[in-house]
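To keep things clear, I will list the structure first and then write my remarks on it.
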Amino acid sequence: MAQYLFEFIPSTYWEANFVVPPPVYEWEEVKIFTDCTADRPRSTLHDYLYPWVGGSIIQGQWRVTDSIFNPENSDDYPSPQDPRLRFLLTMVGSLSIQRTGIDDPSGNIFCKAISRIETFFGLVSVKLEFRPSVPITDFTHHWHAALKLLYTLLSSDHFGKREVPVKHQRAALVLFLCMVESTSPLPPFMARDWCTPDLAAEFVRIAFEDGAWAPIHAFHDSPDLVYELTDRLVIHFPLIVDEAFEYATVKRLFDRLVEKLHYSHNNRLNSYYPVPQVLNMFITGLPSSKSESQISRNFLRYLHEPDILFAVCAFLVGGGFREALHVLARLRPNDPAWPVCLQRLREYVYRPAGVPNGYDIPGFLADLTAFLEGGGWTMVLL
Numbered sequence: 025m026a027q028y029l030f031e032f033i034p035s036t037y038w039e040a041n042f043v044v045p046p047p048v049y050e051w052e053e054v055k056i057f058t059d060c061t062a063d064r065p066r067s068t069l070h071d072y073l074y075p076w077v078g079g080s081i082i083q084g085q086w087r088v089t090d091s092i093f094n095p096e097n098s099d100d101y102p103s104p105q106d107p108r109l110r111f112l113l114t115m116v117g118s119l120s121i122q123r124t125g126i127d128d129p130s131g132n133i134f135c136k137a138i139s140r141i142e143t144f145f146g147l148v149s150v151k152l153e154f155r156p157s158v159p160i161t162d163f164t165h166h167w168h169a170a171l172k173l174l175y176t177l178l179s180s181d182h183f184g185k186r187e188v189p190v191k192h193q194r195a196a197l198v199l200f201l202c203m204v205e206s207t208s209p210l211p212p213f214m215a216r217d218w219c220t221p222d223l224a225a226e227f228v229r230i231a232f233e234d235g236a237w238a239p240i241h242a243f244h245d246s247p248d249l250v251y252e253l254t255d256r257l258v259i260h261f262p263l264i265v266d267e268a269f270e271y272a273t274v275k276r277l278f279d280r281l282v283e284k285l286h287y288s289h290n291n292r293l294n295s296y297y298p299v300p301q302v303l304n305m306f307i308t309g310l311p312s313s314k315s316e317s318q319i320s321r322n323f324l325r326y327l328h329e330p331d332i333l334f335a336v337c338a339f340l341v342g343g344g345f346r347e348a349l350h351v352l353a354r355l356r357p358n359d360p361a362w363p364v365c366l367q368r369l370r371e372y373v374y375r376p377a378g379v380p381n382g383y384d385i386p387g388f389l390a391d392l393t394a395f396l397e398g399g400g401w402t403m404v405l406l
């Protein structure tokens, strides 16, 4: 029942500066906060009873007894005093709640709790590049507690096990990286070299392991957190990006595109977008990569396998990613796989679900052909 009620509490309740309005009616312990005109339980809970429901759930702490978050165990910062944040951190730190949703994805309380933490800190607006509703500097001890819990989870052995769904791991990682970006200086528990190669490799696994970046049967579903995650990785965490090149080669990450492209070709509704966002990260990140030359060479060799090169280019062409294609062409403009690839790209039937409006694919391919025939630009990696 508590899980059912938790889902109906509006996001505004979890904002740091939320003030509980005075009730208009009280009956025993039940409090109604506005005149009720709803005729359905869901609307009644969401619009009129939510402060009372939220307070009742928090007071009961959902009977969580296995959380690694201990609000009384403070170190260099005081423990967070806001009962809503303490409740959310207790939930996120619970192993049983982390596992919830393995058999029933609809019961995803862990991700909902992560989302409410984002709301508390105003990070929803920050992720959209807007100013937060409350200055982040006002959250010193609250921020510290959340960041430490997330870092503890992501660097622990059990959180990366299969018993915790990778979707939960990904939600925690996105929030953690978003908080790290806004934290300066880093707290004492995070050394300057906190992002070790092992931890970077774990972050890459979380991003790509379950294939959510290129779902085979996706139609118009909203993008998974993996797209936000890869965007954050490439901009702020180059060490993690370098690990991604080795992962893509060893795991043959783009083989999935060959299968997806076949499905797209036989289904008019399957869009090419947003797969190119992930491809763009790899392709545009390679010229500035600090990866060992052998890792880069191995990745380039894999990328230019005939079927892989065609699949990658087809998604970039179908999604209208002109700049990424030009960067790709510069990597190895004289590779023998290009002539056959260009011919296949001309013959391929692009589905309208994935092609931007007004996009001239024949003209784009002619431009790409001219670009390659001009020699592109040869990298030192060759």
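Residue 152 in this note's numbering sits at position 128 of the sequence shown; the count goes up by one each step and never skips. Glycine is no exception: its CB is placed at the ideal position from the N, C-alpha and C atoms. Keep in mind it's a predicted model, so treat the numbers as computed, not measured.
Problem set entry | Helix, strand or coil at Ser320 according to DSSP, with G and I counted as helix | Working through the sequence shown from its first residue, we reach residue 320 at position 296. Three-state DSSP puts Ser320 in a helix.
Exercise. Gly184: which of Ala215, Phe213 and Asp234 sits nearest, CA to CA?
Worked result: In the sequence shown, residue 184 corresponds to position 160, counting from 1. Here the closest residue by C-alpha is Asp234.
For this session: May I ask you to report which of helix, strand or coil DSSP gives Ser80?
Result: Start at 1 with the first residue of the sequence shown, and residue 80 comes out as number 56. Helix at Ser80.
Exercise. Which residues does DSSP pair with Ser91 in a beta bridge?
Worked result: Here residue 91 corresponds to residue number 67 of the sequence shown, with the count starting at 1. Ser118, per the DSSP bridge assignment.
Exercise. DSSP three-state call for Asn304: helix, strand or coil?
Worked result: In the sequence shown, the residue the question calls residue 304 occupies position 280. Asn304: helix per DSSP, three-state reduction.
Exercise. How big is the Cα-Cα spacing for His244 and Pro212?
Worked result: Here residue 244 is taken as the residue at index 220 of the sequence shown, counted from 1. Here residue 212 is taken as the residue at index 188 of the sequence shown, counted from 1. The predicted position of His244 is uncertain, since its pLDDT is 41 and thus under 50; a value taken from the coordinates is nonetheless stated next. Their Cα atoms are separated by approximately 44 Å.
Problem set entry | Residue nearest to Ala238 in terms of C-alpha spacing, selected from Arg123, Val336, Thr273 and Leu112 | Here residue 238 is taken as the residue at index 214 of the sequence shown, counted from 1. Residue Val336 is the option with its Cα nearest to Ala238.
For this session: Could you have a look at Ala390 and say whether DSSP puts it in helix, strand or coil?
Result: For the purposes of this step, residue 390 is identified with residue 366 of the sequence shown, where counting begins at 1. Here Ala390 sits in helix by DSSP.
Exercise. Between which two residues does the alpha helix (DSSP H) containing Thr143 stretch?
Worked result: As a first step, residue 143 must be located in the sequence shown, where it is residue number 119. Thr143 -> alpha helix (DSSP H) spans Ile133 to Phe144.
Problem set entry | Alpha carbon of Ser80 to alpha carbon of Asp384, nearest angstrom | Here residue 80 refers to the residue found at position 56 of the sequence shown. Here residue 384 refers to the residue found at position 360 of the sequence shown. Between Ser80 and Asp384, the C-alpha separation is close to 58 Å.
Exercise. When the distance is taken between beta carbons, is Val198 closer than 8 Å to Gln122?
Worked result: If you number the sequence shown from 1, residue 122 lands on position 98. If you number the sequence shown from 1, residue 198 lands on position 174. Not closer than 8 Å, so no.
Exercise. Over what stretch of residues does the alpha helix (DSSP H) that includes Pro34 continue unbroken?
Worked result: Stepping through the sequence shown from its first residue, residue 34 is reached at position 10. First-last for Pro34: undefined, no H or E at that position.
Exercise. Is the Cβ-Cβ distance between Glu31 and Lys136 less than 8 Å?
Worked result: Here residue 31 corresponds to residue number 7 of the sequence shown, with the count starting at 1. Here residue 136 corresponds to residue number 112 of the sequence shown, with the count starting at 1. Yes.
For this session: With a threshold of 16 other CB atoms inside 10 Å of the CB of Gln318, please say whether the residue is buried or exposed.
Result: By 1-based counting over the sequence shown, the position of residue 318 is 294. By the 10 Å Cβ count, Gln318 comes out exposed.
Problem set entry | Proximal residues to Phe345 (C-beta, below 7 Å), its chain only, five neighbours per side dropped | For the purposes of this step, residue 345 is identified with residue 321 of the sequence shown, where counting begins at 1. The answer, listed in chain order, is Pro300 and Asn304.
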